[in-house]
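Residue numbers (my numbering), protein chains in the order written: chain A, 137 to 434; chain B, 2 to 404.
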């Protein structure tokens, strides 16, 4: 009985940890989904650019020392700039009619960003500043990591700001218009290229915050982070529903919790298998994802 | 007279100039180049291993060349030239790189970095020397870094100068037990998807700690690219072991140590993987790694080791457990080339490679940076070692069993 209680506590704790860490997956998922929603294209280099933003912040901090929040801010700005550069190199001047062209361009960009990081750091993990990393909030047998709670809070605020931007500003209206009816949006005077570029910058900024939060949660940055976060971001995007922001948020948390639960129940070697199984179940039973848009809308 | 003078004025300086040009050519004609290839990971997350090996090989070659070079079979002086190739820690790339090296003038190849490359790569070499039915590659490979146990026996053309982890951990756990008789239990942490870490926990640390009288309470597992270790560290906390042994590379070692700090898991002793006794661990988590004990076959504790470390640093590399082996290898090769009367000529290339292989196979002991290295019949090394621990952001020697 005592063992069962211990296991139950551990299970609840694992789910809570997974939910907190899942916010970083949600932010990466939002980036993927927003770009897909607007351009109908996947940007495979998104997570790598997010991590590169975080790397840029520690590069700047190495020259001008500053506290952790400044690092997070620089990461966001840098990743926003990377987002614009990726738009120019992988989308703006590449024929959009060919679905593979932009996909392969962004895969190339992902590998390029990764290799630049590796060459600049020799692949060595770089310490990343964190806030509240030595804080543990305890409720009886449960404990919540202070830094993960901070990551969770920042992620929630960032997502709220993004939702405000998308649903309450002229830029958001333009973005949604381009996403739903690009031709009609152009006829209404909305600049397609400008809107696309702004989407990349905004998602880049969000990615930069995600990259910084990942660095803060892990404590170090490593090129090892790009591929797993790209994969997780894609899973979140598919489960949440391509193009759905609320879907990406829910799916991010779900994947985080699911991953930790199965790590606890079945061990690390089977963990990813169950996450993939979850993806397969969604593709089979609900291919449009949790928040699939109503059929035939456009 | 005038014509004679003008002829002299023209021809004289021309002869002098030719003489001046020929003068430096004369010793050059007596010199030959001894080509040694290096290969390892110079891209990807283990790039630092390749960068360090290359720097150490170049430093060793420079040191040998400046000290007079290598004496070849016909009395000519040979100068070592090192060319380094990137295999990206990928088995297919490694095999393709070695095949490419075999088409060059290289007499021998030093590498690779990763055990997952070394294992299949040794498999393409001829297994038994002189076996005409075996069409495997006949090219000597001398490994500095890939450390997974017992790989050199795959081929008689494969040799290694890597530490013997079995012996190092056996002795270290015995020593720890003698120093701390009150410590009774061990809990492991293992990076499950990396050949070296996995092998070292299950086949080395787990068994050797048991041999030393520790009770192994279990192990927590994670993957090389994992970022969240809360579940694993909770398991560790529950076990309440006296000793925690982490068989993982710096990125996840740091992640786990940080999580241990958060969850206030404070074992009485921490033991780490040989590959973590590097700068990376200290860069990533010096504070949390404080006190971790690791056996290593390199530390700048002898004049030779200090010199090697300084020479590597001048070329932008860092001499550590793995890369320092490359310094020893280049020096061992110098001895073998001289002893086997290698010619280093284009028309003796095949015979020279065979001579180097035979020379390496016949070695019983070689010089090393920490002392004498024993060679086994299977092409492996038994190297001297020390125990280091992380102290105030640096690796310091805790115990030197050689003394």
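Even for Gly, the Cβ is constructed at its ideal location relative to N, Cα and C. Quick caveat, the model's predicted, so the values are computed rather than measured.
Neighbour list for residue 284 (chain B) in chain A, Cβ cutoff strictly below 9 angstroms: 260, 261, 262, 263 and 356
Environment of residue 309 (chain B) [buried if 16+ CB atoms lie within 10 Å]: buried
8 angstroms Cβ cut-off: residues of chain A touching residue 222 (chain B): 403, 404 and 405
Contacts around residue 283 (chain B), its chain only, beta-carbon distance under 8 angstroms, and the 5 residues preceding and following it disregarded: 290, 391, 394, 395 and 396.
Local Cβ density within 10 Å of residue 149 (chain B), reported as buried at 16 or more and exposed below that: Counting Cβ neighbours within 10 Å, residue 149 (chain B) comes out buried, since at least 16 surround it.
Neighbour-count burial assignment, residue 319 (chain A), 16 or more Cβ in a 10 Å radius: exposed
Residues of the stretch 252-269 of chain B whose Cβ lies closer than 8 angstroms to any Cβ of chain A, in chain order: Answer set for the stretch 252-269 of chain B: 252, 255, 256, 259, 262, 263, 264 and 265.
Buried or exposed by the 16-neighbour rule on C-beta atoms within 10 Å, applied to residue 179 (chain B): exposed
Bridge partner(s) assigned by DSSP for residue 367 (chain B): B:374
Local conformation of residue 205 (chain A) per DSSP, three classes: Residue 205 (chain A): helix per DSSP, three-state reduction.
Residue 249 (chain A), DSSP secondary structure in three states: helix
Inter-residue Cα distance where the pair is residue 27 (chain B) and residue 63 (chain B): Low confidence applies here, because residue 27 (chain B) scores a pLDDT of 45, under 50, leaving its location unreliable and the question unanswered by this model.
Through-space distance from residue 265 (chain B) to residue 215 (chain B), alpha-carbon basis: 23 angstroms
Residue ranges of each alpha helix (DSSP H) within the stretch 309-361 of chain B, 4 or longer: Taking only runs of at least 4 residues, the alpha helix (DSSP H) segments lying wholly in the stretch 309-361 of chain B are 324-340.
Chain B within 9 angstroms of residue 281 (chain A), Cβ atoms only: Chain B contact via Cβ: present.
Cutoff 9 angstroms: residue 420 (chain A) Cβ touching any chain B Cβ: no
For residue 275 (chain A) and residue 311 (chain B), the rounded distance between their alpha carbons: 53 angstroms
Beta-carbon separation (whole angstroms), residue 224 (chain B) vs residue 188 (chain B), contact threshold 8 angstroms: Contact flag wrong, Cβ pair sits at about 19 angstroms.
Cβ shell of residue 393 (chain A) (< 7 angstroms), same chain only, five flanking positions each side left out: 151, 154, 155 and 158
Within chain B, partners of residue 360 (chain A) - CB distance below 8 angstroms: 46, 225, 226 and 252
Sub-9 angstroms separation of residue 192 (chain B) and residue 248 (chain B) beta-carbons: yes
Chain-ordered residues of the stretch 359-379 of chain A with a beta carbon less than 8 angstroms from chain B: 359, 360, 361, 363 and 364
Within chain B, the residues that residue 399 (chain A) reaches when beta carbons sit closer than 7 angstroms: 232
Contact the stretch 137-149 of chain B vs the stretch 105-113 of chain B: 3+ CB pairs below 8 angstroms: yes
The stretch 49-74 of chain B: positions lying closer than 7 angstroms to chain A by Cβ: Look at the stretch 49-74 of chain B: the residues with a C-beta under 7 angstroms from a C-beta of chain A are 49 and 52.
Residue 100 (chain B) - DSSP class collapsed to helix/strand/coil: helix
Sequence-distant residues of its chain with Cβ nearer than 6 angstroms to residue 242 (chain A) (five each side left out): So the qualifying residues of the chain are 179, 180, 181 and 226.
Identity of the residue in B:222, B:326, B:287 and B:251 nearest residue 305 (chain B) by Cα: The residue from B:222, B:326, B:287 and B:251 with its alpha-carbon nearest to that of residue 305 (chain B) is B:326.
For residue 189 (chain B), the first and last residue of its enclosing alpha helix (DSSP H): Taken as a continuous stretch (DSSP letters only), residue 189 (chain B) belongs to no alpha helix (DSSP H), being part of the beta strand (DSSP E) at 186-192.
Simplified DSSP state of residue 218 (chain A), which is helix, strand or coil: In the three-state reduction of the DSSP assignment, residue 218 (chain A) falls in the helix class.
CB contact check: residue 280 (chain B) to chain A, cutoff 9 angstroms: yes
Residue-chain proximity (residue 239 (chain B), chain A), Cβ-Cβ < 9 angstroms: yes
Same chain, Cβ closer than 8 angstroms to residue 199 (chain B), five either side skipped, listed in chain order: 191, 192, 193 and 248
Cβ-based neighbour list, residue 195 (chain B), same chain, cut-off 7 angstroms, excluding 5 preceding and 5 following: 225 and 250
Residue range of the unbroken alpha helix (DSSP H) whose run includes residue 174 (chain B): Where residue 174 (chain B) is concerned, the enclosing alpha helix (DSSP H) starts and stops at 166-180.
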